[in-house]
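Going by full-length UniProt numbering, 82 is the number at position 82 of the sequence shown; the sequence numbering is gapless. Ideal placement from N, C-alpha and C gives every residue a C-beta, glycine not left out. Below is one structure, written out as structure tokens, with a few remarks after it.
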Amino acid sequence: MFSSIFSTAPPVDPHAPNFHSVSSKFPESELFGELEHKDNEWICAGGFVAETQTFYINAEDGTSIMCQVIHSSVGVWFPTIQFTCKIANPAKGEKIWKSINVNNFVTPAPGYDKRSSKADEYSILFKSNPGSEFPETISIRANLGVDLQVSLELQQPASIPGFKVGKGPEGGYSYFGTDPNKADGYVVHRFWPLVRASGHLIRHGKAEPLKGAGMFVHAIQGMRPNLVASRWNFGFFHSDELGGISAIQMEFTTTDTHGKRGSGSGGVVINVGSLVIGDKLACVTTETKWPGEELARNLISRTTHLNLEHDPDTTYDKPNEILFEWKGPSIVADAPGTVEAKLQADLGTVADPKGLIEKVISLQKSHMCSKLP
1 MFSSIFSTAP PVDPHAPNFH SVSSKFPESE LFGELEHKDN EWICAGGFVA
51 ETQTFYINAE DGTSIMCQVI HSSVGVWFPT IQFTCKIANP AKGEKIWKSI
101 NVNNFVTPAP GYDKRSSKAD EYSILFKSNP GSEFPETISI RANLGVDLQV
151 SLELQQPASI PGFKVGKGPE GGYSYFGTDP NKADGYVVHR FWPLVRASGH
201 LIRHGKAEPL KGAGMFVHAI QGMRPNLVAS RWNFGFFHSD ELGGISAIQM
251 EFTTTDTHGK RGSGSGGVVI NVGSLVIGDK LACVTTETKW PGEELARNLI
301 SRTTHLNLEH DPDTTYDKPN EILFEWKGPS IVADAPGTVE AKLQADLGTV
351 ADPKGLIEKV ISLQKSHMCS KLP
């Protein structure tokens, strides 16, 4: 019990690096790490760990759908598991947001591996069919209330495998702390960059068919979320032009406490992305922007906010446009070289912050009530 007082360990240099980015661990030729089944298994860890499976779908009729399962551990409390769904169609003026605490969560779901899970309110089941055109399929069923049920099937094409940055068990991981082998925390992301989506949304008893393209990401934050990042950017784009193009980016910025020279050197920007061209995973990109250092030109994975406008309600500078950039080596065997892409988009009006705050407060109240005896 007195080890922390009478420790003989050497003091830690306060200016030693205490953030270790995934992009610094692998050379350009080894950025693509193909996922194994175990990479997407639930770990359901204790302590301060947030783990998610998130599914994004862009339907052919312009509807965007997000379904997410969140397993959140907070110290000695029992973990909270939520199912969240957001549906939006700007042309129809539709915005639906649902989030429920689920009951009797189990993983693996009976008869399936540990990528799958179920609860009274939902099931997400992974099924394998090796050697077929679609070797992996995910079925999502969720009952989010009397006014909304979701029934979806996502198929992973054989030519578009799932990936993490870098091969092996260390692939995908960024570490916090001076010693990555005894890290204070970590962040890891694993992606299925493109899936074929089909199914139904059932609203007020009426089934509405949908079909489109989607993606899946399994993410874990192995540390208190307020210490992991000060901001996030995420983008998913799909078009049927040129034989089918899909692009994703996930980017986060560390807080001031974690950087290359210890506390006070933070604001490190880490980005991971990919490009799918002609139904093939063409390249995996990653980049780390260290404050005060020049960016490389041969490998680009970058999000830039443009045309900033100060928002008095949030005190943030709101971007009116956003620019995504990718550049990296091709991983297509018969098409060597460099793959590049840029995507600039108008972001439109910001979501109503007051409405979002009301939803968060409601969730906090229901969460606290569920903890009371």
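{"Query": "Which runs of the beta strand (DSSP E) fall wholly inside the UniProt domain \"Svf1-like C-terminal\" (223-352) and span at least 3 residues, in chain order?", "Result": "231-239, 245-253, 269-277, 280-289, 300-310, 317-329 and 338-346"}
{"Query": "Output the boundary residues of the beta strand (DSSP E) element that contains Arg115.", "Result": "Here Arg115 belongs to no beta strand (DSSP E), and DSSP marks it neither H nor E."}
{"Query": "Please look up how many angstroms separate the CB atoms of Val49 and Gly222, rounded, as I've assumed it's under 8 Å.", "Result": "5 Å"}
{"Query": "Since I believe Gly262 is in contact with Gly18 (beta carbons under 8 Å), could you give me their beta-carbon distance rounded to a whole number of angstroms?", "Result": "According to the sequence displayed, residue 18 carries Asn and not Gly. The pair is a contact, with the Cβ atoms about 5 Å apart (cut-off 8 Å)."}
{"Query": "Give the range of the beta strand (DSSP E) segment to which Ile43 is assigned.", "Result": "Taken as a continuous stretch (DSSP letters only), Ile43 belongs to no beta strand (DSSP E), as it is neither H nor E."}
{"Query": "What is the DSSP secondary structure of His189, counted as helix, strand or coil?", "Result": "strand"}
{"Query": "Looking only at its chain, what residues have a beta carbon closer than 7 Å to the beta carbon of Val284, apart from the 5 residues adjacent to it on each side?", "Result": "Leu31, Phe32, Phe163, Val165, Ser274, Gly328 and Ile331"}
{"Query": "Which of the three DSSP states, helix, strand or coil, is assigned to Asn181?", "Result": "helix"}
{"Query": "Is Ser174 helix, strand or coil by DSSP?", "Result": "strand"}
{"Query": "Between the segment 76-92 and the segment 247-262, can you find at least three pairs of beta-carbon atoms closer than 8 Å?", "Result": "no"}
{"Query": "From the DSSP secondary-structure annotation, give me the bridge partner or partners of Ile80.", "Result": "Correcting the residue identity first, residue 80 is Thr in this sequence and not Ile. Ser72, per the DSSP bridge assignment."}
{"Query": "Please classify Lys95: is it buried, with 16 or more other beta-carbons within 10 angstroms of its beta-carbon, or exposed?", "Result": "exposed"}
{"Query": "With respect to 7 Å, is the separation between the Cβ of Val49 and the closest non-hydrogen atom of the ligand SAH below this value?", "Result": "Absence of the ligand SAH is noted for the structure shown, with no ligands found whatsoever."}
{"Query": "Mark His238 as exposed unless 16 or more other C-beta atoms lie within 10 angstroms of its C-beta, in which case mark it buried.", "Result": "buried"}
{"Query": "Across which residues does DSSP place Lys98 in a beta bridge pair?", "Result": "Cys85"}
{"Query": "Which residue wins for smallest C-alpha separation from Thr288, given the options Asp147, Asp313 and Arg302?", "Result": "Arg302"}
{"Query": "Does DSSP put Val22 in a helix, in a strand, or in coil?", "Result": "helix"}
{"Query": "In terms of residue numbering, what span does the beta strand (DSSP E) encompassing Asn143 cover?", "Result": "Glu136 to Asn143"}
{"Query": "So, for Asn226: in the same chain, excluding its five sequence neighbours on each side, which residues have a beta-carbon less than 8 Å away from its beta-carbon?", "Result": "Thr255"}
{"Query": "Thinking residue 374 and Ser21 are a contact (beta carbons under 8 Å), I'd like their distance in whole angstroms, please.", "Result": "No information on residue 374 is available, as it lies outside the stretch 1 to 373 that the chain covers here."}
{"Query": "Residues in the same chain with beta-carbon distance under 6 Å from Lys114, minus the five sequence neighbours each way, listed in chain order, please.", "Result": "Glu41, Trp42, Thr107 and Pro108"}
{"Query": "What residue does the beta strand (DSSP E) around Ala213 start on, and which one ends it?", "Result": "Lys206 to Gln221"}
{"Query": "Output the distance between the C-alpha atoms of Lys280 and Ala119, rounded to the nearest integer angstrom.", "Result": "35 Å"}
{"Query": "If we cut at 8 Å on Cβ distances, does Tyr173 have a partner in chain C?", "Result": "Among the chains in the structure shown there is no chain C, since it carries only a single protein chain."}
{"Query": "Determine the direct distance from the alpha carbon of Lys92 to that of Asp39, and round the result to whole angstroms.", "Result": "38 Å"}
{"Query": "Going by the CB atoms, is the gap between Ile138 and Phe126 shorter than 8 Å?", "Result": "yes"}
{"Query": "Could you tell me the alpha carbon to alpha carbon distance between Phe53 and Asn181, rounded to whole angstroms?", "Result": "In the sequence as displayed, the identity of residue 53 is Gln instead of Phe. Rounded to the nearest angstrom, the two C-alpha atoms are 26 Å apart."}
{"Query": "According to DSSP, is Phe2 part of a helix, a strand, or is it coil?", "Result": "Confidence is the limiting factor: at Phe2 the pLDDT is only 34, short of 50, which leaves the residue's position unreliable, though a coordinate-based value still follows. Here Phe2 sits in coil by DSSP."}
{"Query": "To the nearest angstrom, how far is it from the Cα of Ile202 to the Cα of Ser151?", "Result": "8 Å"}
{"Query": "Taking only the alpha-carbon atoms, compute the straight-line gap between residue 387 and Leu308 and give it to the nearest angstrom.", "Result": "The first residue shown for the chain is 1 and the last is 373, placing residue 387 beyond what the model contains."}
{"Query": "Quick one, which of Phe216, Ser159 and Val74 has its alpha-carbon nearest Trp192's?", "Result": "Phe216"}
{"Query": "In angstroms, rounded to a whole number, what distance separates the CA positions of Cys44 and Gln82?", "Result": "13 Å"}
{"Query": "Let me make sure I understand the geometry here. Which of Gly168, Thr178, Pro209 and Tyr112 has the alpha-carbon closest to that of Glu34?", "Result": "Gly168"}
{"Query": "So which of Pro209, Lys260 and Pro319 has the shortest CA-CA distance to Asp179?", "Result": "Lys260"}
{"Query": "Pull the bridge partners of Ala50 from the DSSP assignment, please.", "Result": "Ser72 and Gln221"}
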